[in-house]
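Written below as structure tokens is the structure these notes are about.
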Amino acid sequence: MLDFPQPTHLPCPECGASVARAERAQHECDDERRLDFVVFQLREEVGLFDRELAAWLETPAGLFAAWLAAHSRGAGDA
């Protein structure tokens, strides 16, 4: 039977960093890298939220909410 070669490095499931198999137990995730990794994984949801928000802001309810927010903070005075 044919054995596939085993990779020497694997991605950390928490931060995505490439970690040598021998060093997996000692690996500590960097907080900034972990955040970048999570945001990268959520990129489609973030994009969808942006599109849905933009569409909602064009509705009567969205236009009113934007107007109310602007006037509540005094942006209408400028």
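The sequence shown runs contiguously to residue 1392 in my numbering. Ideal Cβ placement from N, Cα and C applies to all residues, glycine included.
- DSSP links residue 1333 through a beta bridge to 1324.
- About 5 Å separates the Cβ atoms of residue 1323 and residue 1332, confirming a contact at the 8 Å cut-off.
- Relative to the Cα of residue 1326, the nearest Cα in the group 1317, 1347, 1320 belongs to 1347.
- If you check the CB distance, residue 1359 and residue 1343 do not come in under 8 Å.
- With respect to the C-alpha of residue 1350, the residue from 1339, 1369, 1330, 1382 having the closest C-alpha is 1330.
- By a beta-carbon distance limit of 8 Å, residue 1371 does not contact residue 1384. Their separation comes to about 12 Å.
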